[in-house]
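2 protein chains.
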Amino acid sequence: MATLLRSLGLPVLLLAVLPAATRVDDPPMRGFTTASARIEREWEAKFKAIPAPARMREAMRRMTLRPHHLGSPFGKEVAEWVRDQFISYGWDTKIERFDVLFPTPKVRVLELVSPTKFTAKLDEPVLADDPTMNQKAEQLPTYNAYSADGDVTAPLVYVNYGVPADYEQLERRGISVKGAIVIARYGGSWRGIKPKVAYEHGAVGALIYSDPRDDGFGEGDVYPAGPYRPKDGVQRGSVLDMPTYPGDPLTPGVGATPAAKRLDRKDAITIMKIPVLPISYADAQPLLAALSGPVAPPAWRGGLPITYRLGPGSARVHLKLEFDWKQTPLYNVIAQLKGSTNPDEWVMRGNHHDGWVNGAEDPISGLVAELEEARALGELVKQGWRPKRTIIYAAWDGEEPSLLGSTEWVEEHVTELRQKGVFYLNTDGNGRGFFGAGGSHALERFVNEVTGDVIDPETKVAVGKRRRSVEDVGGNEEAHTRKDLRIDALGSGSDFTPFLQHAGVPTLNIGFGGEDGGGIYHSIYDSFAWYTRFSDTSFVYGKALAQVAGLMVMRVANADLLPAEFGNLSETSKKYLKEITTLRETTAKEIDEINRQLADGAFAHADDPQHPLQPPKAQAAAPHLNFAPLLNASDELEKNAARFEKAYGSLATSAATAAALAQVNALIRQGDQVMLIPGGLPKRPWYQHALYAPGYYTGYGVKTMPGVREAIEQKEWKLAEEQIGKLAAALERESALVAKAAQLLEAATAASAVP
Amino acid sequence: MATLLRSLGLPVLLLAVLPAATRVDDPPMRGFTTASARIEREWEAKFKAIPAPARMREAMRRMTLRPHHLGSPFGKEVAEWVRDQFISYGWDTKIERFDVLFPTPKVRVLELVSPTKFTAKLDEPVLADDPTMNQKAEQLPTYNAYSADGDVTAPLVYVNYGVPADYEQLERRGISVKGAIVIARYGGSWRGIKPKVAYEHGAVGALIYSDPRDDGFGEGDVYPAGPYRPKDGVQRGSVLDMPTYPGDPLTPGVGATPAAKRLDRKDAITIMKIPVLPISYADAQPLLAALSGPVAPPAWRGGLPITYRLGPGSARVHLKLEFDWKQTPLYNVIAQLKGSTNPDEWVMRGNHHDGWVNGAEDPISGLVAELEEARALGELVKQGWRPKRTIIYAAWDGEEPSLLGSTEWVEEHVTELRQKGVFYLNTDGNGRGFFGAGGSHALERFVNEVTGDVIDPETKVAVGKRRRSVEDVGGNEEAHTRKDLRIDALGSGSDFTPFLQHAGVPTLNIGFGGEDGGGIYHSIYDSFAWYTRFSDTSFVYGKALAQVAGLMVMRVANADLLPAEFGNLSETSKKYLKEITTLRETTAKEIDEINRQLADGAFAHADDPQHPLQPPKAQAAAPHLNFAPLLNASDELEKNAARFEKAYGSLATSAATAAALAQVNALIRQGDQVMLIPGGLPKRPWYQHALYAPGYYTGYGVKTMPGVREAIEQKEWKLAEEQIGKLAAALERESALVAKAAQLLEAATAASAVP
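Quick note, the sequences are listed as chains G and X, same order. Numbering follows the numbering used here, with no gaps: position 131 of the first sequence is 557. Numbering follows the numbering used here, with no gaps: position 162 of the second sequence is 588.
As structure tokens, this is what we get:
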């Protein structure tokens, strides 16, 4: 009707007096007819009024009273309390248990043995004003989960972030880590990459420290005076090789049920091969100061008042680690509101409940929003609201060690999930600041719409508008030239990974942040006291998160047509494609340049004999690759996305039947699944999405079009050609799906459009 | 003849057996006929064998025995010793005295008075192993010359480098320096800019400290363990407003002779208006740590183990400075070898002899090379060599306070210098590493030729080739695509300034460095002990410098045609022109963007209310400018440069008469002079070169096409249009000169070419 009014050329002023039902200035609502949208908006308005900051605060206080890591007594209590909350909101709730391998430390020794003696403290002290940090008996000590057992004494070498490019720099300086213990700083990659790459280069142990420039005094006052990392603060964390596969290392690909067949621990390829320990900057400083050898390159230097050197000189350290490799029960809380008309379509939402210690920010700040959404939805049900599709809320256990709860659940239910999964919405903590989202690009338009409907508590503009302004001020030209603000691609680091990258469920990961700096991540200082002093102190962003997440869940649950839009997916694919073709060009040019410079003797002539640099190695020239299949598939997808969008234009005012739209929806919810590559990615079959994966050498950081991109990065040209074929096939499947969906949508709407 | 042989198509192999005189594989020698070049090369070979590292070492030891700053007893001794050396080499030598204003400290007090008490040490302690650093009675204390007297107590504000862009950041954070004392770190601009800009913003005092990240422990071991700045080390230095005019502040534009009319000190606009003091990082740390207020932006943070904050909070400091503003005698050493055929053409070479304290690196490492060149030229004279043109070697006094010796000399002799000056070659210290050069771009080809004829002592390739390799490895594409390696444009910071930018003499400034890092600049630790342990320890780069400089002097002194080449000048002008047209575009775009963002409310929406940022101010849109006169003049210059080069192609084998070439030479030596702008640059008439000036807000850093560029940077659009006119006129004069020179050269060579 709105479209019709426009086509009649009625003056805009007149429209304001039309009844609400036909007002054309209602913002669009993806997937809803005008009539459905009106009803939806009324329920959403009721929903948005419910989430209460005071309740979030109290729930956080309650869940962070004691350490609640995987396997802890209080962790089980938290799971049961969360279950009981869902039950009290009227949800059908259960705890689903798995049994997973989870090592905890028995012995931790780190000593400098030469040229001087120093024994690392490896302990986070109690600071005055925080009532939970003294719970020493229940706290997990500072360690990296899935480090190997080991007892090594070896020279120490500083490797910067410990990524492959850093080893190229070391090699040029004639420094090998073979037989050495490396010390890397946090940052520049996910932590698990550091020992993995160190091991590949022959190291026998690894230390990872938090440099004060990054989240300590360099950034601001340290806790408890300010939010940043105090000198003895340590970032715990997993070093399981999650870019190969996450979840229980003994049960890849299947749920870790009692009956599951388990690998021998020695055969679990994701367990780190060398001992690894995270340390504080107070413990790191004497070790780094003991290094001699070349001065570290400028970009490698941190904030300690020392000359950063590469080592080793006479610096030797003794590292001894021993773990209790026990099977540990894991408690996922699974709650559902059954769908009224489409019960076999699942709209899912999750946040983990386990922390490394008391875990207020990570993860409870996200979980308290999720609970308020659940309470609010329960309230709506009491007022008569019914979701068409089944809504499933999850509170995952064991996310910190390795996305255990979500991964085992997805693996256990993968067949059913691939049939029924419509959407997975993830959060993993929350803070003060700006909205951010990543996920399936067919949902980008949807994200832009929903974030237009929630108000930022600080500035009173829509949270989407605020984020756009941040991008604009930050110099992102698209912020004022592109219709939709781009969402990120997802790598890993939270529970979205099994849903998106293994099961192929359309997925989003959202949250607020950017004004909530601090240095308490994965330490005993991530407490209720810290969070309520330094982050979203009044839980107004908790409320905003509950509003955005709740609206997303409600809209997907009740949409006439699932809210996918393929134009942005197509444009994004073209962007990635441009990146990888450019990557081949720049790689080829770099190789040619280095070979020419070697032939010219440039490295030898430029070398400082007192600080010699080995020249880089000559390399085989990069071949051209046949990108044509990708370009063709991408063009096809663009055309079909436009066709779908044209058909979609008639939906709002059509009388398309639910049955007709159900056929379209059945296709749309397969939109990510058809992009799964049979057999998965090279070296890691568990990861199957053709567009998104955590980088094999970046960890959490995403690699888009990962098969092709990483093959080019690794200069595996034959593999790159193969992966182009697989990626092109995935895009062709997507394109065919969109074409079919467009055809069905044309049929559904054309016959029934209001004349 | 060589050209002729090629045109006859003789096989290349045959050429090798021709007599040396006609060998075509001799490298070219700009400005010499084949016959002259052969003679020149023989003399140059003799010359290159003479400079002796052992003598340079001994001369450095001799001249750094005691502090030798302007006005010091030992400074006068050094001048007299240098004079006597020249005399012993057979040069006609004299000392030329001027009397200049040179303040030295009487009172220096710096105290933190709130929130805690701290009194700055302001003293560089004696460290064990250096025999000269204990000469406390003769050392100038740590201070900035031409600071104002003052006694102020005021809040302290950290201003990063203290350049205008830093104040924009402060303003956005709501921080004013009005009535405050600023503390800036060294770097990011010449030091004198910091108090000048602070004063413009209302500050009442300024401190400048050396951050340890830049030249202290962040870079390597500190002296005496290594070459870097120890915690109490201080960089002395001038803060006279040299970008307005250098030299004696009381005698702008005229030599500071006894008879010269002098300004009242209060009318000397180059004297700083507020008290300024340089301090060590040991003295700076308690002051910086006392600041509260917003945390400094990441790029503003240094290497001290503190949270860098902007202040002021309750931090207040007391700064009291009092100086002895005395007239001081200055002793320039001027030595000459009279030209045999062209005595009224001056080929000049200089390096200063005054240091801030013992000054081994700065300036003696350059002066010892100059002395060895002089000795070697004296030797050649004894063997029968005669320069055609007069060679004048200078050892300048008072460079450190304000280029006093060279500026007063140039001002005193400017009329004669503009008639006779052919070339000025400057050095100002030397170190281990790579050759570098800056200066008149008509001499770029010449630099490339000479540096092809001197061998690098470390790698045994030509020093020019080595530099090219450094650029190549550093990613400078021109290093393998451009015939000549680019030379830098000159800003200021050494004695070339009055020659090039005031008198318009074709000028080069050269030296070696880049492998000689350290942190002793302008401190008591710049000593013979430091230099011989950490820089060019065996004086092999001293020898290389003497070889390059000596060859340059010899070639200009004896060239048939002065070695200018205008193609590179033209190409360089086009490059600068492209930069300034692009600068207008980007400035216009930035203004439009900010205005649009303001209109969109982007700054308000993106703002963090807990760390508020003021939005930038709306600005008037940038007008288009008429660059056509510049583009036309530049095209004209390109054509005429090509015409000159075509005529030049016939020189080597021509029998052009000296008289005919003298007419061309008379034009060539005016090549920079015709680019002087009558009346000079806006706000600073002393600076007249249309292409090169120190930046009004960068200090030493060059601004090319400064009139137009700075007007655009300052958004003074009307001024920019005016300056375009003046610059275009300068380029038109240059173009006309080149056209005339080409015409005369065609006449000189065409009639006489070997058939």
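From the three backbone atoms N, C-alpha and C, an ideal C-beta is built for every residue, glycine too.
For this session: May I have the straight-line CA-CA distance separating Leu926/X from Arg775/X, to the nearest angstrom?
Result: Cα to Cα, the separation comes out at about 13 Å.
Problem set entry | C-beta atoms of Pro827/G and Gly1097/G nearer than 7 Å | No, the Cβ-Cβ distance between Pro827/G and Gly1097/G is not below 7 Å.
For this session: Using a cut-off of 8 Å between C-beta atoms, extract the partners of Lys891/G located in chain X.
Result: Within 8 Å Cβ-Cβ: His1031.
Problem set entry | Residues of its chain near Ile1188/G, where Cβ-Cβ distance is below 8 Å and the 5 sequence neighbours each way are ignored | This structure does not reach residue 1188/G, given that chain G is present from 427 up to 1181, and the question cannot be answered.
Exercise. When you compare only the Cα positions, how much space is there between His1031/G and Tyr1002/X?
Worked result: The C-alpha of Tyr1002/X is placed about 30 Å away from the C-alpha of His1031/G.
Problem set entry | Selection from Lys1166/G, Arg812/G and Ala1116/G that minimises the alpha carbon distance to Ala985/G | For Ala985/G, the closest C-alpha among the options Lys1166/G, Arg812/G and Ala1116/G is that of Arg812/G.
Exercise. Does DSSP classify Lys1072/G as helix, strand or coil?
Worked result: The three-state secondary structure of Lys1072/G, taken from DSSP, is helix.
Exercise. His744/X bridges to which residues according to DSSP?
Worked result: Beta bridge pairing from DSSP links His744/X with Glu537/X and Thr579/X.
Problem set entry | Under 8 Å from the C-beta of Ile732/X: neighbouring residues of chain G | The CB of Ile732/X comes closer than 8 Å to the CB of Phe643 in chain G, given here in chain order.
Exercise. Going along the chain, which residues of its own chain have a beta-carbon closer than 6 Å to the beta-carbon of Lys1141/G, five neighbours each way excluded?
Worked result: Apart from sequence neighbours up to five positions away, no residue of its chain approaches Lys1141/G with a beta-carbon distance below 6 Å.
Exercise. Between the beta-carbon of Lys699/G and the beta-carbon of Tyr625/G, is there less than 7 Å?
Worked result: Contact flag set, yes.
For this session: Give every residue of the same chain whose Cβ lies closer than 6 Å to the Cβ of Ala461/G, excluding the five residues on either side of it in the sequence, and list them in chain order.
Result: Excluding positions up to five away in sequence, the list is empty.
Exercise. Any contact of the stretch 519–527 of chain G with the stretch 752–764 of chain G, i.e. 3+ C-beta pairs under 8 Å?
Worked result: The count of Cβ pairs closer than 8 Å, one atom from the stretch 519–527 of chain G and one from the stretch 752–764 of chain G, reaches three, so the stretches are in contact.
For this session: Go ahead and pull the three-state DSSP assignment for Pro1120/G.
Result: Note: Pro1120/G maps to strand in three-state DSSP.
Exercise. Are any of the Cβ atoms in chain X nearer than 7 Å to that of Val880/G?
Worked result: Output row for Val880/G: interface = no.
Problem set entry | Among Ala505/X, Leu553/X, Leu496/X and His744/X, nearest to Thr530/X - alpha-carbon criterion | The shortest CA-to-CA distance from Thr530/X to any of Ala505/X, Leu553/X, Leu496/X and His744/X is the one to Leu496/X.
For this session: Tell me where the beta strand (DSSP E) around Ala863/X begins and ends.
Result: Residue range Gly859 to Gly865 is occupied by the beta strand (DSSP E) that includes Ala863/X.
For this session: Assess, as a yes-or-no matter, whether the stretch 935–953 of chain G is touched by the stretch 654–666 of chain G under the definition of 3 or more beta carbon pairs within less than 8 Å.
Result: Between the stretch 654–666 of chain G and the stretch 935–953 of chain G there are three or more C-beta pairs closer than 8 Å, enough to call the two in contact.
Problem set entry | Which of helix, strand or coil DSSP assigns to Met1101/G | Taken through DSSP and simplified to helix, strand or coil, Met1101/G comes out as helix.
Problem set entry | Where Ala1047/X meets chain G, residues with beta-carbon distance less than 7 Å | What Ala1047/X touches in chain G: nothing, since even the nearest Cβ is about 17 Å away.
For this session: Return no unless some Cβ of chain X is closer than 7 Å to the Cβ of Thr885/G.
Result: Cβ-Cβ to chain X under 7 Å: yes for Thr885/G.
Problem set entry | Contact the stretch 1034–1043 of chain X vs the stretch 586–606 of chain X: 3+ CB pairs below 8 Å | The stretch 1034–1043 of chain X vs the stretch 586–606 of chain X: in contact.
Exercise. Is Arg893/G helix, strand or coil when you go by DSSP?
Worked result: In the structure shown, Arg893/G falls within a helical segment according to DSSP collapsed to helix, strand and coil.
For this session: Can you pull the chain G residues whose beta carbon is under 8 Å from the beta carbon of Val721/X, in chain order?
Result: Around Val721/X, the beta-carbon contacts reaching into chain G at under 8 Å are Glu645 and Gly646.
For this session: Please check if any C-beta of chain X sits within less than 7 Å of the C-beta of Glu941/G.
Result: So yes, Glu941/G belongs to the interface.
Exercise. Do Tyr957/G and Ala786/G have their C-beta atoms closer together than 7 Å?
Worked result: Less than 7 Å separates the beta-carbon of Tyr957/G from that of Ala786/G.
Problem set entry | chain X contacts made by the stretch 1016–1040 of chain G, where a contact means CB separation under 8 Å | Hits within the stretch, in order: Arg1022, Gln1023, Asp1026, Gly1027, Ala1028, Phe1029, Ala1030, His1031, Ala1032, Asp1033, Asp1034, Pro1035, Gln1036 and His1037.
Exercise. Taking the alpha-carbon positions, what's the Lys1109/G to Glu1148/G distance?
Worked result: Taking the straight line from one Cα to the other gives about 14 Å.
Exercise. Any idea what DSSP makes of Thr448/X, helix, strand or coil?
Worked result: In this predicted model, Thr448/X has a pLDDT of only 41, less than 50, meaning its place in the structure is not dependable; the value taken from the coordinates is given anyway. Residue state, collapsed to three classes: helix.
Exercise. For Val552/G, is the classification buried or exposed, using 16 other Cβ atoms within 10 angstroms of its Cβ as the cut-off for buried?
Worked result: With fewer than 16 other Cβ atoms within 10 Å, it is exposed.
Problem set entry | Alpha-carbon to alpha-carbon, Asp854/X and Asp510/X | In a straight line, the C-alpha of Asp510/X is about 21 Å away from that of Asp854/X.
Problem set entry | Cα-Cα separation between Arg801/G and Gly810/G, rounded to whole angstroms | Arg801/G and Gly810/G have their C-alpha atoms spaced approximately 14 Å apart.
Problem set entry | Between the CA atoms of Leu806/X and Ser961/X - distance to the nearest angstrom | A direct Cα-Cα distance of roughly 30 Å separates Ser961/X from Leu806/X.
Problem set entry | Three-pair Cβ contact test at 8 Å for the stretch 1047–1055 of chain G versus the stretch 937–946 of chain X | With contact defined as three or more Cβ pairs closer than 8 Å, the stretch 1047–1055 of chain G and the stretch 937–946 of chain X are not in contact.
Exercise. Where in the stretch 544–611 of chain G do unbroken runs of the beta strand (DSSP E), each at least 3 residues long, occur, reported from the N-terminal end onward?
Worked result: Runs of the beta strand (DSSP E) inside the stretch 544–611 of chain G: 576–584 and 607–611.
Exercise. Quick one: does Asp640/X have its CB under 7 Å from some CB of chain B?
Worked result: Among the protein chains in the structure shown, which are G and X, there is no chain B.
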